[in-house]
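Trainee: First the structure, then my questions, so here it is.
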Amino acid sequence: MNRLTAVDLHDGLAVETVVYPYGTVCISSQAGCRMACPFCASGRKGLVRSLTAEEMLLQVETAPSAKRVTVSGIGEPLDNFDEVARFIALCPLPVSVTTTASSTELLKKLLLLPHNGVMISIHGGTEEAHKKLVPKAPPLIEIYSALASAWEQMSVRARKRVGLNYLPVAGINDSEEEIELFAQAALKFPESSVHLLSLNKVPNSPFQPVSHARRDEIFQLLRGQGINVRRANAFRRQEKGGCGTLWLKKYID
Numbered sequence: 001m002n003r004l005t006a007v008d009l010h011d012g013l014a015v016e017t018v019v020y021p022y023g024t025v026c027i028s029s030q031a032g033c034r035m036a037c038p039f040c041a042s043g044r045k046g047l048v049r050s051l052t053a054e055e056m057l058l059q060v061e062t063a064p065s066a067k068r069v070t071v072s073g074i075g076e077p078l079d080n081f082d083e084v085a086r087f088i089a090l091c092p093l094p095v096s097v098t099t100t101a102s103s104t105e106l107l108k109k110l111l112l113l114p115h116n117g118v119m120i121s122i123h124g125g126t127e128e129a130h131k132k133l134v135p136k137a138p139p140l141i142e143i144y145s146a147l148a149s150a151w152e153q154m155s156v157r158a159r160k161r162v163g164l165n166y167l168p169v170a171g172i173n174d175s176e177e178e179i180e181l182f183a184q185a186a187l188k189f190p191e192s193s194v195h196l197l198s199l200n201k202v203p204n205s206p207f208q209p210v211s212h213a214r215r216d217e218i219f220q221l222l223r224g225q226g227i228n229v230r231r232a233n234a235f236r237r238q239e240k241g242g243c244g245t246l247w248l249k250k251y252i253d
């Protein structure tokens, strides 16, 4: 079972942190989020403020047995780049980061930091699908261009730590065309991996997950193209602490 913890901050806010059974702690980089991805609970209240590196370390301290950290909770890490970079430098554990690539210039800088992985939320083969799910992110062509620019400066080992996230949503990005276009883009970064995510239930969300059968078909389609594709594990699909389910809490109004 996941262990979900609300970490109190000095100003009465609290951010949710989740510890997964396999030794990973998922922390937040901001109190709230401006990206407004419609399938995600974390941005429902907008952005209140960014967290300091020390506040991120405080979240890690809730998991003394953790072996690694992922900055994949509430907030867009690139919108708090300086503190996230400082956190990566200060944290004694390996740190990976999930981002919508809100700034392509900062994405290039992030890719060149001593991270344990950078996962980029793509979620579409066409720009139309991408904008429906990640409305405030730059266009796909700009994201891929930034990744290609950094790619030339990265070692093979660093390239293998880059992931392209794809969240299949029924009727939005699950068509053959969407998957084929996404696969064509992913193949330009052969050392990277694709992370096939699952849509978790969020109150008042209009979106529906694809069926298990369709998700398996998408997995096989990508793998058949020679892509290193991975499926989200069961812990990230749980209602408690699953991807996209973390909330900002305010204890003092």
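Counting in UniProt numbering, the sequence shown runs from 1 upward without gaps. Ideal Cβ placement from N, Cα and C applies to all residues, glycine included. Just so you know, these numbers come straight off a predicted model, no measurement behind them.
Run through the stretch 93 to 147 for me and flag every whole beta strand (DSSP E) of 3 or more residues, listed as ranges in chain order.
Mentor: 95 to 99, 117 to 121
Trainee: Could you check where the beta strand (DSSP E) with Asp6 kicks off and where it finishes?
Mentor: With the sequence shown as reference, residue 6 is identified as Ala, and Asp is not the correct amino acid for it. For Ala6, the enclosing beta strand (DSSP E) begins and ends at 3 to 8.
Trainee: How far does the beta strand (DSSP E) with Val48 in it extend, from its first residue to its last?
Mentor: 47 to 50
Trainee: What is the DSSP secondary structure of Ser42, counted as helix, strand or coil?
Mentor: helix
Trainee: Rounded to whole angstroms, what's the CA-CA distance from Glu16 to Pro64? Just pull it up for me.
Mentor: Their Cα atoms are separated by approximately 16 Å.
Trainee: Straight-line CA distance for Ala93 to Cys26?
Mentor: Here residue 93 is Leu; the residue named in the question, Ala, does not match the sequence. The straight-line gap from Cα to Cα measures roughly 12 Å.
Trainee: The beta strand (DSSP E) that contains Gly224, what's its start and end?
Mentor: No beta strand (DSSP E) holds Gly224; the alpha helix (DSSP H) holding it covers 212 to 224.
Trainee: Secondary structure at Glu152, three-state DSSP: helix, strand or coil?
Mentor: Reduced to three states, the DSSP call for Glu152 is coil.
Trainee: In the DSSP assignment, what residue or residues form a beta bridge with Glu76?
Mentor: DSSP, once it has assigned bridges, lists no residue as partnering Glu76.
Trainee: At a cut of 8 Å, does the stretch 123 to 134 reach the stretch 165 to 181 through at least three beta carbon pairs?
Mentor: Yes, the stretch 123 to 134 touches the stretch 165 to 181.
Trainee: State the Cα-Cα distance for the pair Ala14 and Val7, rounded to the nearest angstrom.
Mentor: Using only the alpha carbons, I get a separation of about 5 Å.
Trainee: Assign Ala66 to one of three DSSP states: helix, strand, or coil.
Mentor: The answer is coil: DSSP assigns Ala66 none of H, G, I, E or B.
Trainee: Looking only at its own chain, which residues have a Cβ that is under 7 Å from the Cβ of Ile227, when we skip the five neighbours before and after it?
Mentor: Ala183, Ala186, Leu187, Val194
Trainee: Just verifying my parser: in three-state terms, what is the DSSP assignment at Arg231?
Mentor: strand
Trainee: Excluding sequence positions up to five away, which residues of its chain have a Cβ less than 6 Å from the Cβ of Arg34?
Mentor: Leu47
Trainee: Given this structure, state the Cα-to-Cα distance separating Ala137 from Ala158, to the nearest angstrom.
Mentor: In a straight line, the C-alpha of Ala137 is about 24 Å away from that of Ala158.
Trainee: Just the Cα atoms here: how many angstroms apart are Lys160 and Ser205?
Mentor: One C-alpha to the other measures close to 34 Å.
Trainee: Rounded to a whole number of angstroms, what is the C-alpha to C-alpha distance between Leu9 and Glu55?
Mentor: Computed Cα separation, rounded: 7 Å.
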